[in-house]
Amino acid sequence: MLIFELASPTAIGLELGRRLRMQRLAQNLSMTELGERAGVSWGTVRNLETKGQASLSSVICVAKALGLANDLNTLFELSLNSIADMEKAAQARSATRARKAGR
1 MLIFELASPT
11 AIGLELGRRL
21 RMQRLAQNLS
31 MTELGERAGV
41 SWGTVRNLET
51 KGQASLSSVI
61 CVAKALGLAN
71 DLNTLFELSL
81 NSIADMEKAA
91 QARSATRARK
101 AGR
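When we follow full-length UniProt numbering, the leftmost residue of the sequence shown carries the number 1, and every step to the right adds one.
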């Protein structure tokens, strides 16, 4: 199992591509069939699976076509482990960005 925290962006992309390939194969889909379902070309699916390279939009479309959209719900979700974390999150939500001087 790849430890994402220690891995390079390339290694993470390759691992995600490998995981999506395993999902595709488990559903007995060809790259062409998955591409059609996702609204992307089979080449995009191939690049994602073999090189770990695709636009974020393409990754989302492929994940949705594989029935994995719910797995995206927790991606980058803010985890609040303490009352202090909750207070910081509340302050961040209510903070406004300062304007540049002279505008």
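Here a beta-carbon is modelled for each residue, glycine too, at the ideal position from N, C-alpha and C. Note that this is a predicted model, so its numbers are computed, not measured.
* Asked: Counting along the chain, where does the alpha helix (DSSP H) carrying S57 start and finish?
  -> Note, S57: alpha helix (DSSP H), L56 to A65.
* Return the CA-CA distance between C61 and L14, expressed in angstroms with no decimal places. => 18 Å
* **Nearest-angstrom Cα separation, counted from A7 out to E49** => E49 and A7: Cα-Cα distance of roughly 18 Å.
* Anyone know if the C-beta pair for L66 and Q23 falls short of 9 Å? -> yes
* Asked: For N47, which residues from the same chain have a beta carbon less than 7 Å from its beta carbon, with the 5 sequence-adjacent residues on both sides left out?
  -> Closer than 7 Å at the Cβ level, and outside the excluded window around N47, lie Q53 and A54.
* Could you check what DSSP says for N47 in three-state terms: helix, strand or coil? => helix
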